[in-house]
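Engineer: Residue numbers (my numbering): -19 to 294. Structure provided below as structure tokens; questions to follow.
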């Protein structure tokens, strides 16, 4: 990519009570044909340390690497001289599931949360990031279907979601989903309709799901995995549930406690086995018990964990 250097800005107001040891991402912005987002998280080993990162997020593209410069600011609303500013010049992002660089010791949470310090306004903290893509190597954009255009994709039915039409092929959805197979070809009122309304679902999430199950199979991200897991379960889409499961098995950013909860809720048994195998000492099980996800696990999963703990102690 030649010409002027692509430049991006992210300004993000974050509810202070939502900041935890789990990854918290800003809305994405597209710069240089790639989605970017900020991440704010507490250090898992010291919850008084606040970490901030700029993430290059997977999308409809491939890229070998990106040389990037950026500055992340934590805005002080009372005194701009106290605004926390940290910057990096010319760091290289590689094409992986999520590539990120930033600051593992960005600020002290006790300072940020102190109302007298000036970082909190309307119960929120504000991050501002300016970044430039100095050099982009090996960039290639993937082609995707436009499911909102009836002329672009081979379609024979329109699904109406949030008042808008999504054009799909009955046969393709049916071979991947027993729910859609019953809807389109079973003894239901929708069988002969040209338009079928789907309720209690977000249009953008459904479109993301279609892009994952249609070629060239968009990759799952930390931002999409939660709602894709729900949709795969709701519509009994085996190809989607397996993709979600593999993403979680491979993920280094999703904590093991969250992975176990996914496995529990959506019957992802290979993921459950993977999580159990990762526990190699009694402390691993005890740490899981102290996690925020433990109280949501089923009795069956807790029994499996207890059995694992017993084996480790023996």
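Even glycine gets a Cβ: it sits at the ideal position worked out from N, Cα and C.
#1: DSSP three-state call for residue 76: helix, strand or coil?
#2: Do the stretch 115 to 129 and the stretch 33 to 46 touch if we need at least three Cβ pairs shorter than 8 Å?
#3: Using the three-state DSSP reduction, which class does residue 201 fall into: helix, strand or coil?
#4: For residue 56, which residues from the same chain have a beta carbon less than 8 Å from its beta carbon, with the 5 sequence-adjacent residues on both sides left out?
#5: Here's a check: name, in chain order, each residue in its chain whose Cβ is nearer than 6 Å to the Cβ of residue -11, leaving out the five neighbours to either side.
#6: When we look at the beta-carbon of residue 252 and count the other beta-carbons within 10 Å, is it buried (16 or more) or exposed?
#7: Assign residue 102 to one of two classes, buried (16 or more other C-beta atoms within 10 Å of its C-beta) or exposed (fewer than that).
#8: Under the DSSP definition of a beta bridge, which residues are partnered with residue 162?
#9: Using 8 Å as the cut-off, can you tell me whether the stretch 174 to 187 makes contact with the stretch 135 to 143, which would need three or more C-beta pairs spanning the two stretches below that distance?
#10: Please classify residue 88: does DSSP put it in a helix, a strand, or coil?
#11: Would you check if there are 3 or more beta carbon pairs closer than 8 Å linking the stretch 85 to 93 to the stretch 23 to 40?
#12: Rounding to the nearest angstrom, what Cα-Cα distance links residue 51 and residue 9 in this structure?
#13: Residue 109 bridges to which residues according to DSSP?
#14: Helix, strand or coil: which one does DSSP assign to residue 117?
#15: Pick from 22, 21, 5: whose alpha carbon is nearest that of residue 15?
Structural biologist: By the coordinates alone:
#1: Walking along the chain shown from the start, residue 76 turns up at place 96. Bear in mind that the predicted position of residue 76 carries a pLDDT of just 46, short of 50, making it unreliable; the figure below should be weighed with that in mind. Residue 76: coil per DSSP, three-state reduction.
#2: yes
#3: Walking along the chain shown from the start, residue 201 turns up at place 221. Here residue 201 sits in coil by DSSP.
#4: Numbered from its first residue, the chain shown carries residue 56 at position 76. 62, 63, 64, 97, 98, 99.
#5: As a first step, residue -11 is located in the chain shown; it is residue number 9 there, counting from the start. Closer than 6 Å at the Cβ level, and outside the excluded window around residue -11, lie 110.
#6: Taking the first residue of the chain shown as position 1, residue 252 is located at position 272. Answer is buried; the Cβ neighbour count reaches 16.
#7: The residue labelled residue 102 in the question sits at position 122 within the chain shown. Exposed, because fewer than 16 other Cβ atoms sit within 10 Å of the Cβ of residue 102.
#8: Within the chain shown, the letter at position 182 stands for residue 162. None, per the DSSP bridge assignment.
#9: yes
#10: Position 108 of the chain shown, counted from the first residue, corresponds to residue 88. Strand at residue 88.
#11: yes
#12: In the chain shown, the residue the question calls residue 51 occupies position 71. In the chain shown, the residue the question calls residue 9 occupies position 29. Whole-angstrom Cα-Cα distance: 16 Å.
#13: As a working mapping, residue 109 is identified with position 129 in the chain shown. Answer is -10, 52, bridged to residue 109.
#14: By 1-based counting over the chain shown, the position of residue 117 is 137. Strand.
#15: Here residue 15 is taken as the residue at index 35 of the chain shown, counted from 1. The option with the nearest alpha carbon to residue 15 is 5.
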